[in-house]
Each structure stands twice: as C-alpha cells, then as structure tokens.
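**Student:** Have a look at the structure that comes next, please.
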C-alpha cells in the first residue's frame, strides 16, 4: 500500500472529503496539519502555492478536487461505471462554479477575507447562490431516486463534498440549508451516519469550517 | 461503439477539446451546433442550463471538463497511470482557477459580457492572470522534460486545453502568449501538428474563440 500524507491547515475546509475517503476505506494516512509559521516556508515548495496537497510515496499532488477524485477512484468511491464517474465529476465542476459565486459570503464568514457585512452578504450573495445550487442538487437527488446518493446507488466523493459543505453553511448560519431540500439533506444524513465514519466523526475536533 | 452527440454553440469555446478528442481517436460523433433561437427552448432541458452537453447513447453529461475527462479516459488521452490522470486533473482545476481570474478580460474580448475597456482589462486583468498561470505552466512543462507534454510522455486533454486556449488568447491580442513560455508553446506546437488533427484543423471554420 502506498504511503499517504495529506497536508493542510487545521480546518475541515478543502481536505475533509479526502480525510473521509481515508476513513471510509480504512486506509492509513498521515493527517498533517501545517502551522501558520510552517506555511511560510512550505508555500514555495508546493506545486501551485496552495494547500491541500497529497503526497503519495513522496510524489506530490495538488488541488483538492483532483486529490479527492484520485483517492475516490483508488478506494472505490468515484461511481460504479465510467459514465457515473463523469456524472460525479460534472457535479463537482458545478460545485466549483457555485463556489465561485458563494465565495464572498464564505470567505467573510470564515474570516479568510472580508468582503463586507456578513448579514448583507448572506442576503445578497449566500442565499441566491444557495437557492440556485441546492435547487439543482435537490432535483438531481430526486431524479436519482431519493436514495441518499446524488449519482447511482453508491457513496461517491460528491455526496461527501455536499455533506461536509452543509455542515459549514449551517455553522455560519443555523438552518441555512433547511427542509426545502429534503433529498439533499438525506444525502448528508447517509454520510454522517455511515458506520465507517462514526469513530472519526466522534473524535475529530469541532471546527467551524 | 456508443452514439455520441456533442451539443454546443458555433464557437470553439468549451467544446473544442472534446472535438479534438473525437478526431484524435477517429471516433464518429455528431457535432451539433445550436442556433440562438434553438437555445431558448433547449436551455431548460439541459442538466445545468448550460452548454456544452454530451449525449452518450441518449444519456446526457454536462460540464466541459467532465465531458473532456470522460472522453479522454474512454479514448486513452487522460494519462498513463492513475497518478498521471490525477496530475492532469490538478492542472485542469488550476486552469479553472485561472479562468475565474481571466474571465472579465476573456468575456469582454469575446463579446459575451462587457466588463470595461478591453485595453485596460488586458493590462489589469489579462496580463497578471497570464503571467501567473503561464509561469506555472512553463515550470511544469520544463520539469516534465520539455517533451511537448505537460504530464508524462503522452498527449492528454490538458495539453489540448492549453493549446486551444493559446489560440484564443493570441486571437484577442497578437503575441499575448509569446516566447517567454517556450516549453508551453512546444506543447501547443505538438498538438497543432498532430497528424490525426490535420484534416480537421484544415477544414474547421475560422473562429475567434
């Protein structure tokens, strides 16, 4: 088995889906958290000046979605056919587009970068982005049979991505993703109740995002 | 062999890489170009209200990168190992980040949406985005051995993506991507001189983007 080292900051953020994938597959890995001081010297050595990165037997891979997709394919959480994998990827790309729209609200709530008053940003940025994206997700989840998965009949990295993202949105604003999106919330419930994650979810630090 | 129908507007844009993949693999496909009038009725039937979409035996896939990756994996242009595929994906994600930075300049030049004076946008948006992204690409291409590929020793969909994008940038502003980036330009040369593309490149309409 390869040696895996996941390098990121001490947040869930862009690495939590990959952490989930390691726990779901019972794959040993080093969950390495970089301090702010260490980041100053590490940054120039990363492929794109950003975290997370994943080291696989010492070879470095960057970009959170590329990392998650790679691990998901290795461990069997990418979809049950090439076409299912592509449908998962398409939702991932759609998530990225949504993320671009959401970012001023997200970054302000997370304290990463201040774009203005968070209440105003919630109304003018967060809610429109949420309504558009989650309405689409709800339709996708329903068309997939409301079986607790967004694609096919198995757990994939896009289910994990959406599940963890809802945790963050509801931390920022309680009930932000509410029961107007029951099929999406069912995806989240299925992830958060997966017995392979129970131990990790119980022991992980409480983190705002 | 599945029946493929690629649906997009009459531009290279977000579909040209997939068109390249069909020609590279000698795979028959329907290259369906939607008129503006037709788009009004089609839009509501697409997964995310956007083009391109790909129909594979009648099943619909959206998002240009998901489509390109799917076809690249089917036809053997995604990388020679799972890790190479992931490195290609990471560059794709990095391209998406760059694209978000470039967009005001791109959209203004392409006449999609006006963000201001194109000369000012070139200086304040286009050139900084180019310098950051292409400096990174140049390093990646050099570290890969300046062999005309960005990852490994075979043609992948990220080579195609970068090659076609340079065509567009240099249409917008002659010499925008110049010989400060020789290893990246070598990637483009290799794509544009691939004998499997000769016939298509000769016959395709001249398109600005």
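Chains as they are written, first to last, in full-length UniProt numbering: chain A, 1 to 209; chain B, 1 to 209. Ideal placement from N, C-alpha and C gives every residue a C-beta, glycine not left out.
Alpha helix (DSSP H) containing residue 36 of chain B: first to last residue?
**Tutor:** Looking at the DSSP string, the run of the alpha helix (DSSP H) that includes residue 36 of chain B is 36-42.
**Student:** Is there at least one Cβ from chain B nearer than 8 Å to residue 83 of chain A's Cβ?
**Tutor:** For residue 83 of chain A, the answer is yes, since a Cβ of chain B falls inside 8 Å of its Cβ.
**Student:** Look at residue 18 of chain B and residue 52 of chain B and say whether their C-beta atoms are less than 8 Å apart.
**Tutor:** In contact: residue 18 of chain B and residue 52 of chain B (Cβ atoms closer than 8 Å).
**Student:** Are the C-beta atoms of residue 74 of chain A and some chain B residue less than 8 Å apart?
**Tutor:** At least one chain B Cβ lies under 8 Å of residue 74 of chain A.
**Student:** Quick check: residue 4 of chain B and residue 88 of chain B, are their CB atoms within less than 8 Å of each other?
**Tutor:** No, the pair does not count as a contact, with Cβ atoms beyond the cut-off.
**Student:** Where in the UniProt domain "GST N-terminal" (2-79) of chain A do unbroken runs of the beta strand (DSSP E), each at least 3 residues long, occur, reported from the N-terminal end onward?
**Tutor:** Correct list: 4-8, 30-33, 53-56 and 59-62.
**Student:** Show which residues of chain A have a CB atom less than 9 Å away from the CB atom of residue 106 of chain B.
**Tutor:** What residue 106 of chain B touches in chain A: nothing, since even the nearest Cβ is about 14 Å away.
**Student:** Measure from the C-beta of residue 141 of chain A to each C-beta in chain B and report whether the shortest distance is under 8 Å.
**Tutor:** Output row for residue 141 of chain A: interface = no.
**Student:** How far does the alpha helix (DSSP H) with residue 139 of chain A in it reach, from first residue to last?
**Tutor:** Segment 127-143, the alpha helix (DSSP H) holding residue 139 of chain A.
**Student:** Between the Cα of residue 54 of chain A and the Cα atoms of A/21, A/115 and A/104, which residue gives the shortest distance?
**Tutor:** Residue A/21 is the option with its Cα nearest to residue 54 of chain A.
**Student:** Would you please verify whether the beta carbon of residue 63 of chain B is less than 8 Å from any beta carbon of chain A?
**Tutor:** Residue 63 of chain B counts as touching chain A.
**Student:** Going along chain A, which residues have a C-beta under 7 Å from residue 93 of chain B?
**Tutor:** Simply 63, 65 and 66.
**Student:** Quick one, which residues of the UniProt domain "GST C-terminal" (81-209) of chain B are near chain A if we go by CB-CB under 7 Å, in chain order?
**Tutor:** Result list: 82, 83, 86, 87, 89, 90, 93, 94, 96, 100 and 136.
**Student:** If I'm right that residue 184 of chain A touches residue 137 of chain A with Cβ under 8 Å, what's the distance once you round it to whole angstroms?
**Tutor:** Contact flag correct, Cβ pair sits at about 5 Å.
**Student:** Would residue 69 of chain B pass as an interface residue toward chain A - the criterion being a Cβ-Cβ separation below 8 Å?
**Tutor:** At least one chain A Cβ lies under 8 Å of residue 69 of chain B.
**Student:** Are the CB atoms of residue 163 of chain A and residue 125 of chain A nearer to each other than 8 Å?
**Tutor:** No, the pair does not count as a contact, with Cβ atoms beyond the cut-off.
**Student:** Return the first residue and the last residue of the alpha helix (DSSP H) that residue 112 of chain B is part of.
**Tutor:** From DSSP, residue 112 of chain B is part of no alpha helix (DSSP H); its letter is neither H nor E.
**Student:** Go ahead and label residue 104 of chain B buried or exposed: buried means 16 or more other beta carbons lie within 10 angstroms of its beta carbon, across all protein chains shown.
**Tutor:** Residue 104 of chain B should be labelled buried.
**Student:** CB residue 201 of chain B to CB residue 158 of chain B, shorter than 8 Å?
**Tutor:** No, these two residues do not count as a Cβ contact at 8 Å.
**Student:** Where does residue 167 of chain A fall in DSSP's three states?
**Tutor:** DSSP places residue 167 of chain A in helix when its eight states are reduced to three.
**Student:** Across the stretch 126-133 of chain A and the stretch 73-88 of chain A, are there enough close Cβ pairs to call them in contact, namely three or more that are closer than 8 Å?
**Tutor:** Contact fails: fewer than three Cβ-Cβ distances are below 8 Å.
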